[in-house]
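Please read the structure below before turning to the comments.
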């Protein structure tokens with residue numbers, strides 16, 4: 042197979058696998074079947090087994106990643122739609138976001154150091170709890186590995202989605218829907234927001250607002266984070 | 032471009048075929064995604080042109096939020112495209128995950144350590160966020176109650 046044909050094949054395969062996976066997941070909602078987890082896992086297996094060079098895979102598929110830019114801009118719509126909620130709860134949302142970003146960065150870097158991971162990995166892990174486009178920007182401005190940051194973001198999303206409800210069950214004193222939604226947006230970005238939307242509408246809206254604000258703050262704070270920790 | 036006005040409501044005798052509607056819906060999504068992509072390119076151009084000290088994605092987000100709040104851009108112009116971009120976002124970062132193949136050490140020796148960091152840190156973020164939001168939310172309620180008492 043020629044290189045350009047191979048690239049086109051990988052592009053089509055990625056899209057086809059994703060949509061097939063999504064259909065299956067919509068029917069069962071099982072964590073293992075999440076499109077965020079299963080589709081990349083199958084693709085990685087195929088790329089490794091068939092010995093497809095990374096450059097050939099990316100030649101066409103990088104256009105999918107390019108769409109993350111317009112997708113970031115599209116967040117303006119839910120912000121505008123939920124302006125009433127922003128006006129009413131801006132204080133608790135911003136307090137939650139600031140606490141979440143600080144906890145995330147400090148705990149990630151400290152744990153990574155304690156386990157002896159390299160500075161590169163520490164930088165990638167520092168911003169892993171915010172949504173991908175923002176995490177990539179934040180990692181870049183710290184001089185961290187943008188590609189690995191994206192991988193860590195995805196792992197975080199899958200884990201956060203899987204354990205969120207268990208964490209809430211361990212905290213019976215936290216009862217407000219605002220707090221329930223916030224933990225998903227703060228800890229597990231887009232994946233968590235999807236989960237929060239399954240739990241309830243208010244939770245879903247709060248989760249998406251928290252996710253977006255956390256992303257913004259992380260990008261703006263990234264130079265400071267880099268300066269303080271590395 | 033508003034989806035709430037269907038052709039059927041104007042011509043009840045000849046309702047639009049489901050296929051025609053579907054095609055129009057897809058065309059709307061494509062046009063609106065192209066418009067949002069153009070705005071993103073504009074933001075990227077502005078960012079390099081004037082050395083704005085923030086990433087282009089952030090600049091574009093602030094730009095569009097401003098346009099929506101001032102009413103220059105109507106939500107109906109971008110709703111279908113924006114919803115599609117947001118709901119298919121997972122697809123866009125599937126290729127990003129493939130970067131692991133360039134870092135075989137992650138799949139072998141360091142994988143469990145990275146996952147330990149992510150797991151513990153995620154629990155920490157959840158617990159801290161839950162308590163902070165809950166406390167400030169109760170404070171917000173108290174403030175609101177005091178404000179309404181003053182009016183009485």
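Protein chains in written order, with this note's numbering: chain A, 42 to 271; chain B, 32 to 183.
Glycine included, each C-beta is placed from N, C-alpha and C at the ideal position.
Treat the numbers as computed from the prediction; the structure is a model and nothing was measured.
Can you find a CB in chain A that lies within less than 8 Å of the CB of residue 133 of chain B? The beta carbon of residue 133 of chain B falls within 8 Å of a beta carbon belonging to chain A, placing the residue at that interface.
According to a CB-to-CB cut-off of less than 8 Å, which residues of the segment 64-78 of chain B neighbour chain A? The residues in question are 64, 67, 68, 70, 71, 74 and 75.
Output, in sequence order along the chain, the residues in the segment 91-102 of chain B whose CB is closer than 9 Å to any CB in chain A. Listed in sequence order: 91, 92, 93, 94, 95, 96, 97, 98, 99 and 100.
Buried or exposed by the 16-neighbour rule on C-beta atoms within 10 Å, applied to residue 136 of chain B: Residue 136 of chain B is classed as exposed because its beta carbon has fewer than 16 other beta carbons within 10 Å across all chains shown.
Check each candidate in A:106, A:163 and A:229 and name the one with the smallest Cα separation from residue 52 of chain A. Comparing Cα-Cα distances from residue 52 of chain A to each of A:106, A:163 and A:229, the minimum goes to A:106.
Please classify residue 230 of chain A: does DSSP put it in a helix, a strand, or coil? In this structure, residue 230 of chain A counts as helix in the three-state DSSP scheme.
Distance, Cα to Cα, residue 96 of chain B vs residue 102 of chain B? So the two alpha carbons sit approximately 10 Å from each other.
Under 8 Å (Cβ pairs) to chain B, residues found in the segment 65-89 of chain A: Here the close residues are 76, 77, 80, 81, 84, 85, 88 and 89.
Just to confirm, are residue 271 of chain A and residue 126 of chain A a CB contact at a threshold of 8 Å? Between residue 271 of chain A and residue 126 of chain A, the C-beta spacing is not below 8 Å.
Residue 43 of chain B, DSSP secondary structure in three states: Note that residue 43 of chain B scores 47 on pLDDT, short of 50, meaning its location in the model is unreliable; the coordinates nonetheless yield the value given after this. Secondary structure at residue 43 of chain B: coil, using DSSP grouped into helix, strand and coil.
Neighbour list for residue 196 of chain A in chain B, Cβ cutoff strictly below 8 Å: 145, 146 and 149, listed in chain order.
One question on the structure: do residue 198 of chain A and residue 161 of chain A come within less than 8 Å of each other, judged by their Cβ atoms? Taking 8 Å as the cut-off, the beta carbon of residue 198 of chain A is found no closer than this to the beta carbon of residue 161 of chain A.
By the criterion of Cβ-Cβ separation under 7 Å, what are the contact partners of residue 126 of chain B in chain A? Result: 55, 99, 102, 103, 105 and 106.
Leaving aside the five residues before and after residue 80 of chain A along the sequence, list all residues of the same chain whose C-beta is less than 8 Å from its C-beta, in chain order. In its chain, beyond the 5 residues on either side, 55, 58, 59 and 62 have a beta carbon closer than 8 Å to the beta carbon of residue 80 of chain A.
Among A:212, A:176 and A:205, which has the Cα closest to the Cα of residue 195 of chain A? Shortest Cα-Cα distance from residue 195 of chain A to any of A:212, A:176 and A:205 involves A:176.
Only counting runs of 4 or more residues, tell me where the alpha helix (DSSP H) segments fall wholly within the segment 91-169 of chain B, in order along the chain. Segments of the alpha helix (DSSP H) lying fully in the segment 91-169 of chain B: 106-118, 120-128 and 135-138.
Since residue 92 of chain A is in the alpha helix (DSSP H), which residue starts that stretch and which ends it? Taken as a continuous stretch (DSSP letters only), residue 92 of chain A belongs to no alpha helix (DSSP H), as it is neither H nor E.
Run the CB neighbour count on residue 43 of chain A, radius 10 Å, all protein chains shown included, and call it buried at 16 or more, exposed below. When all chains shown are included, residue 43 of chain A counts as exposed.
So residue 243 of chain A and residue 216 of chain A are in contact, right, with Cβ under 8 Å, and what is the actual spacing, rounded? Residue 216 of chain A and residue 243 of chain A do not touch by the CB rule: their CB atoms are close to 13 Å apart, not below 8 Å.
Is it the case that the Cβ atoms of residue 263 of chain A and residue 179 of chain A are separated by a distance below 8 Å? Contact: yes.
Residue from A:67, A:260 and A:50 whose Cα sits closest to the Cα of residue 187 of chain A: Among A:67, A:260 and A:50, the Cα nearest to that of residue 187 of chain A belongs to A:260.
Contacts of residue 109 of chain B in chain A (Cβ-Cβ under 7 Å): Under the 7 Å cutoff, chain A gives 118.
Report the three-state DSSP secondary structure of residue 217 of chain A (helix, strand or coil). In the structure shown, residue 217 of chain A sits in coil (DSSP, three-state: anything other than H, G, I, E or B).
For residue 112 of chain B, count the other beta carbons within 10 Å of its own beta carbon; 16 or more makes it buried, fewer makes it exposed. Which is it? The C-beta of residue 112 of chain B has 16 or more other C-beta atoms within 10 Å across all chains shown, which makes the residue buried.
Any C-beta of chain B sitting closer than 8 Å to the C-beta of residue 92 of chain A? No, no contact with chain B.
Consider the Cβ of residue 34 of chain B: report whether some Cβ of chain A lies at a distance smaller than 8 Å. Note that residue 34 of chain B scores a pLDDT of 44, beneath 50, so its modelled location is shaky; the value from the coordinates is reported in the next line. It does not; no Cβ of chain A falls within 8 Å.
Could you confirm whether any beta carbon from chain A is found closer than 8 Å to the beta carbon of residue 167 of chain B? The C-beta of residue 167 of chain B comes closer than 8 Å to at least one C-beta of chain A.
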